[in-house]
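Numbering (the UniProt record's numbering), first residue to last: 1 to 233.
The following block contains the structure:
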């Protein structure tokens, strides 16, 4: 009798697995829904990250408990809708972190079909994906770029971009021994990227940089996050 019940349960599970799942309901959002959302900036305050997560939820985007990931993804979605997409949801979007990231879940919800491939690894562009074929590449928290390899990340990711396409990365703010960067390091990176044909979209104001330095003076480890958006010229 017990075996029969077990077989019946397994048969029910198998049948349920074969049934078509209802398509997830899409959310209709537009660029104006993200007016004022920064595509480049520094996260120094946990309250700001929490506000971004709550704003995303009000817009109907998928829930997440990670405020920091929500802040970065919210800025990336803003860039996608305001700068990249023409409203047809046909932009080619690559998320190096994979399909389960906050960003991928959100852009899928609004009608995009992000590609999960790490174009920042050697020899991926030209093999797994065509050079110059992508509109947006992102590498976002918690899979931030490493300060030691960020130049290579940008170079490889940019190879996948069409002219005018965007590449977005996050970097941890903090001491180098903890895998972080200082504001001065960010400004140096921005200058090097510019020499390689990448223009910063947005800016890091001097006052924001000074505020980050003040916070850094009172912290021994990582204390924030930088979101940088570059456009390929």
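Where a beta carbon is used, it is the ideal one built from N, C-alpha and C, also for glycine. Computed from a prediction, not measured in an experiment: that's the story for all the values here.
- Secondary structure of residue 154 (DSSP, three-state): helix.
- DSSP lists 227 as the beta-bridge partner residues of residue 41.
- Residue pairing of residue 168 in beta bridges, as defined by DSSP: 138 and 229.
- Judged by beta-carbon spacing, residue 121 lies beyond the 8 Å limit of residue 232, meaning their Cβ atoms are not closer than that value.
- With respect to the 8 Å criterion, residue 170 and residue 97 are not classified as neighbours on the basis of their beta carbons.
- With distances taken between CA atoms, residue 38 lies nearest to 205 out of 205, 118 and 158.
- For a cut-off of 8 Å, the C-beta gap from residue 102 to residue 137 is around 16 Å, too long to register as a contact.
- For residue 157 and residue 111, the gap between their C-alpha atoms comes out near 23 Å.
- A contact is defined here as three or more CB-CB pairs under 8 Å, and the segment 68-85 meets this definition with respect to the segment 39-57.
- By the neighbour-count criterion, in which 16 or more other beta carbons inside 10 Å mark a residue as buried, residue 47 falls on the exposed side.
- In this structure, residue 65 lies away from residue 34, with their beta-carbon atoms at least 8 Å apart.
- Per DSSP, residue 102 lies in no beta strand (DSSP E) segment; the continuous alpha helix (DSSP H) that holds it begins and ends at 102-109.
- When the beta-carbon positions are compared, residue 230 and residue 193 come within less than 8 Å of each other.
- Here residue 94 is bridged, per DSSP, to 115 and 137.
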